[in-house]
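Presented below is the structure to which this report refers.
There are 2 protein chains.
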Amino acid sequence: MKTGNDFSNTFSVAVLRGDVLSVDCPAREILKHMTSRWGGLVLVILQGGVHRFSELRHKIGGISEKMLSQTLQRLEFDGLIKRKSLPVVPPHVEYSLTPLGEEAAEHLKNMIDWIETKLPQILLWRRSQLDTQADD
Amino acid sequence: MKTGNDFSNTFSVAVLRGDVLSVDCPAREILKHMTSRWGGLVLVILQGGVHRFSELRHKIGGISEKMLSQTLQRLEFDGLIKRKSLPVVPPHVEYSLTPLGEEAAEHLKNMIDWIETKLPQILLWRRSQLDTQADD
DNA sequence: CGGTATCCTGACCGATACTG
DNA sequence: CAGTATCGGTCAGGATACCG
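Residue numbers (the working numbering), protein chains in the order written: chain A, 65 to 200; chain B, 65 to 200.
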């Protein structure tokens, strides 16, 4: 397996609570996985229930198989999603959220909902700034 | 000004609500800014009140001046933070959250708090997976 | 102090081809 | 169907030097 992932540098010390502001805290890594380009989208979609690989790929506009695979592996490694491979041919693999993943997805969903709601307002603000630039 | 930013492709059409799953929706861009490597951390720190450039730089472990500057500019452009430059010498610049930014920061904070809390559990799970691998 | 400009590297990511 | 392997391009982002 060599797709760019490297789980070897997982912390071995006991940690009571993470601190994202610290350079070396593994919490940064979790945050990175959850907020990576595709990570959040995958989690939010899985809130809708179990999905197969190809279902995820089609729901997420623009994702490549490679990145979907990589994203799923990282989130599985973090314990946020569960992979269930049915021993049939052709292969049938199902992805779902773990309890931990449900919580993670909920946070992401709230944020994404907020963004989608506020988008018009933000776009308006952006334009007004560009216009003001021109006025000066 | 040429630090890698390019705000020119801002959408001009009216949008009632964003859709992060669409390839071309600008909501993806906002999400990207908020969840970029440094964006979320800046927003959460600014929840604690007004900060100067150097204060932010010192609180966030590992950030470079360039990335802090770039991050601040993008978030300002999105209307999430406000930049106030005092006309004194030596320069004094204050960054704070806009009302919109407060909301954004709240979402991020919830998520980061959750991660920091669950970190031990996740780390444990990760290790158990690696151990199981060895057993097989 | 609060930035920019410039250069540069490696990680991210997409395209394609291939496999169990 | 559900991936992996490989290649190559783009771009985020770090280091350094410089400026108002």
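Quick reminder that beta carbons are idealized off the backbone N, C-alpha and C, glycines included. Treat the numbers as computed from the prediction; the structure is a model and nothing was measured.
Item	Value
Shorter than 7 Å from the beta carbon of A/I145 to some beta carbon of chain B?	no
Taking any Cβ of chain A, which residues in the region 112–125 of chain B have a Cβ under 7 Å from it, in chain order?	K123, I124, G125
Please identify the residue among B/D88, B/D83, B/R81, B/S192 whose C-alpha is closest to the C-alpha of A/F141.	B/S192
Taking Cβ-Cβ distances shorter than 8 Å, what residues in chain B pair up with A/A169?	Within 8 Å Cβ-Cβ: nothing; A/A169 doesn't reach chain B, min ~11 Å.
Counting contacts by CB-CB distance shorter than 7 Å, is B/T135 in contact with chain A?	no
Output the residue ranges of the beta strand (DSSP E) runs that lie fully inside the region 79–164 of chain B and measure 3 residues or longer, sorted by chain position.	145–150, 156–161
According to the Cβ coordinates, are B/L164 and B/L144 closer than 7 Å?	yes
Using a Cβ-Cβ distance cut-off of 7 Å, determine whether B/W102 contacts chain A.	no
Once the 5 residues before and after B/L105 are set aside, which same chain residues still bring their CB inside 7 Å of it?	I124
Check the Cβ of B/V84 against every Cβ in chain A and list those closer than 9 Å, keeping chain order.	G104, L105, V108, I176, I179, E180
Is there at least one Cβ from chain B nearer than 7 Å to A/L95's Cβ?	yes
I'd like to know if B/I127 contacts chain A, where contact means its C-beta is closer than 7 Å to some C-beta of that chain.	no
Closer than 8 Å, Cβ to any Cβ of chain A: which residues of the region 148–166 of chain B, in chain order?	L164
According to the Cβ coordinates, are A/M98 and B/H171 closer than 7 Å?	no
Does the count of Cβ pairs from the region 101–119 of chain A and the region 154–164 of chain B closer than 8 Å reach three?	no
What is the rounded straight-line gap between the Cα of B/Q134 and the Cα of A/S149?	43 Å
So is A/R15 in contact with chain B if we call contact Cβ pairs under 7 Å?	Lying before the first or after the last residue shown, residue 15 of chain A is absent from chain A, which here runs from 65 to 200.
Within a Cβ cutoff of 8 Å, which residues of the same chain sit near B/R147, ignoring the five residues on either side of it in sequence?	L136, E140, V157, E158, Y159
Closest by CA to B/Q185, which one among A/L85, A/I94, A/V87?	A/I94
Can you tell me whether B/E180 is buried or exposed? The criterion is at least 16 other CB atoms within 10 Å of its CB, across all chains shown.	buried
With 16 other CB atoms within 10 Å as the buried threshold, where does A/L183 fall?	buried
Identify whether A/G68 lies in helix, strand or coil by the three-state DSSP scheme.	For A/G68, the predicted structure reports a pLDDT of 45, less than 50, and the residue's modelled location is therefore unreliable. A value from the coordinates is still provided. Coil, per DSSP.
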